[in-house]
Amino acid sequence: MLQLIPFEEKDFPTILGWVKSPRFLMQWGGPMFSFPLTHQQLMDYKNTQDRRTFQVYDPSVEKIIGHISIGRIDEDKKQARIGKVLVSPVHRGKGYGKQMIQLISTYAFKHLELEKVTLGVFDFNKSAIRCYENAGFTKDRYLKNHRPFEDEYWSLYEMSLHKYT
């Protein structure tokens, strides 16, 4: 069973090692980060008031296999946004993504007592879309040409999961 471990400064080198290009950084982190990713950017990200950041630990292999966060936590609206979903390069394609999404959703619904979680995913990231749908998320809307990157515009699906679905 995967475990959420608080993201600490000692974990920064792991993330820095996984993010190797400007394109991947934009896909993973959006416009809040700039390449190259730095220790200070991760510190600012980790210390954002309305966000909880985690490393994902798999006791069966005794390794950190990923990273995930839940941010924009709004206790009044009882919702938040899952973000910064990252499976380590050596553990991709093994079903960890779905487990991570289920784990953070359970955390949101039970620990934070939220009723809805959302996320955004670029339309070209077919494996992530499949992962989120397999975890129960549904597509709510499509934002065409939402994010500029270099000489391209990336389109995005907004997806959500409700506690009572």
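Counted the way our numbering counts, the sequence shown spans residues 58 to 222. Even glycine gets a Cβ: it sits at the ideal position worked out from N, Cα and C. Keep in mind it's a predicted model, so treat the numbers as computed, not measured.
When GLU215, THR163, LEU99 and GLN60 are compared, the shortest CA-CA separation from LYS201 is found for GLU215. Annotated as proximal: ILE122 and ASP115, with beta-carbon spacing under 7 angstroms. The C-beta of TYR153 has 16 or more other C-beta atoms within 10 Å across all chains shown, which makes the residue buried. It is roughly 6 angstroms from the alpha-carbon of GLN60 to the alpha-carbon of VAL113. The residue among LEU94, LYS103, TRP85 and PHE179 with its C-alpha nearest the C-alpha of ILE62 is LYS103. Fewer than three Cβ pairs drawn from the segment 195-211 and the segment 155-174 lie within less than 8 angstroms of each other, which leaves the two stretches out of contact. The DSSP-derived three-state label of LYS220 is coil. Looking from the CA of GLY140, the closest CA among GLU65, MET89 and THR95 belongs to MET89.
THR71: member of the alpha helix (DSSP H) spanning 69-75, first to last residue. For PRO79, the secondary structure class from DSSP, reduced to helix, strand or coil, is helix.
Taken through DSSP and simplified to helix, strand or coil, GLU119 comes out as coil. Straight through space, the alpha carbons of PHE69 and THR110 are spaced by roughly 12 angstroms.
Unbroken beta strand (DSSP E) stretches of 3 residues or longer found wholly inside the segment 146-218: 173-179 and 195-206, given in chain order.
By the 16-neighbour rule on beta-carbons within 10 angstroms, SER126 is buried.
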